[in-house]
Amino acid sequence: SQKIEQNSEALNIQEGKTATLTCNYTNYSPAYLQWYRQDPGRGPVFLLLIRENEKEKRKERLKVTFDTTLKQSLFHITASQPADSATYLCALTPPGYNKLIFGAGTRLAVHP
Amino acid sequence: DTAVSQTPKYLVTQMGNDKSIKCEQNLGHDTMYWYKQDSKKFLKIMFSYNNKELIINETVPNRFSPKSPDKAHLNLHINSLELGDSAVYFCASSRPGATNEKLFFGSGTQLSVL
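Those sequence lines, one after another, are chains A and B. According to this note's numbering, the stretch in the first sequence is residues 79 to 190, in order. According to this note's numbering, the stretch in the second sequence is residues 4 to 117, in order.
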């Protein structure tokens with residue numbers, strides 16, 4: 079079955095640095111991969127979608143890469159701020175399926 | 004206005020009871036979902052409806068029964084609640100069609116079964 083792995087340990091970084099979160103997947107080759115942000119007590123909020131033929135996607139301070147050979151996506155937040163502290167989830171739809179599968183997420187804490 | 008709203012926010016109940024969670028979206032989406040987030044934070048899909056028709060049922064116990072009176076509403080009824088049902092339940096919606104559509108989530112219902 080499709081498996082998505084994200085770092086289970088929290089990532090602690092200093093304000094102003096670049097945060098890099100990893101999403102690895104196995105068994106299938108998704109055509110798309112999505113990233114969401116989840117704050118405590120709230121539902122996930124969509125951030126970015128990247129297609130398999132896109133190596134990189136940017137949105138303001140966010141950058142996502144998609145390496146279909148490594149079966150990995152990296153999520154970067156540049157010039158991080160304490161307000162970026164949240165859990166970040168990656169999600170994908172395995173080919174032939176019509177459901178979005180989520181990783182467990184990585185908690186990011188940005189310290190002033 | 005909240006795009007996807009679900010009620011109640013918190014639900015505390017005894018084992019064996021029956022409870023319902025309501026969800027409404029005002030985005031004009033045709034597709035709605037129920038996801039369950041357990042204590043390890045995994046979000047797992049339970050059901051998906053497209054224009055009031057069930058399209059995904061992820062081997063959820065039949066104590067869980069979704070109902071979609073119209074495409075803007077998807078309610079979840081749970082019979083004979085068990086301790087293991089304790090989790091946060093999220094409703095979501097999306098546009099229909101391509102599987103790359105982004106999901107819009109409600110704020111969740113934290114269910115605690117005592």
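Every residue gets a Cβ at the ideal spot worked out from N, C-alpha and C, and that includes glycine.
* Asked: Is the Cβ of residue 19 of chain B closer than 8 Å to any Cβ of chain A?
  -> Closer than 8 Å: no.
* Asked: What does a CB cutoff of less than 7 Å around residue 183 of chain A pick up in its chain, not counting 5 residues either side in sequence?
  -> Here the set comprises 84, 116, 165, 166, 167.
* Check the Cβ-Cβ distances between residue 31 of chain B and every residue of chain A, and say whether any is below 8 Å. => Proximity of residue 31 of chain B to chain A, defined by a Cβ-Cβ separation below 8 Å, is not satisfied.
* How about residue 110 of chain B: is its C-beta nearer than 8 Å to some C-beta of chain A? -> By this cut-off, residue 110 of chain B is an interface position.
* To do: Measure from the alpha carbon of residue 122 of chain A to the alpha carbon of each residue in A:190, A:181, A:188, A:187, then state which is nearest.
  => Selected option, being the one with the closest Cα: A:181.
* Asked: Going by other Cβ atoms of all chains shown within 10 Å of its Cβ, with 16 needed for buried, is residue 95 of chain A buried or exposed?
  -> With fewer than 16 other Cβ atoms inside 10 Å of its own Cβ, residue 95 of chain A counts as exposed.
* Leaving out the 5 sequence neighbours to the left and right, which residues in its chain are closer than 7 Å to residue 53 of chain B when beta-carbon positions are compared? -> Taken in chain order, the residues that qualify are 33, 34, 99.
* **residue 148 of chain A versus residue 105 of chain A - alpha carbon distance** => Roughly 12 Å separates the two Cα atoms.
* Closer than 8 Å by beta-carbon distance: list the chain E residues that pair up with residue 115 of chain A, in chain order. => In summary, chain E is missing from the structure at hand, where the protein chains are A and B.
* Identify the contact partners of residue 22 of chain B in chain A, using a Cβ-Cβ distance below 7 Å as the criterion. => Taking the beta carbon of residue 22 of chain B as reference, no residue of chain A falls within 7 Å; the closest one sits roughly 20 Å away.
* Beta-carbon proximity list for residue 163 of chain A, same chain, < 7 Å, skipping 5 on both sides -> Cβ within range, chain order: 186, 187, 188.
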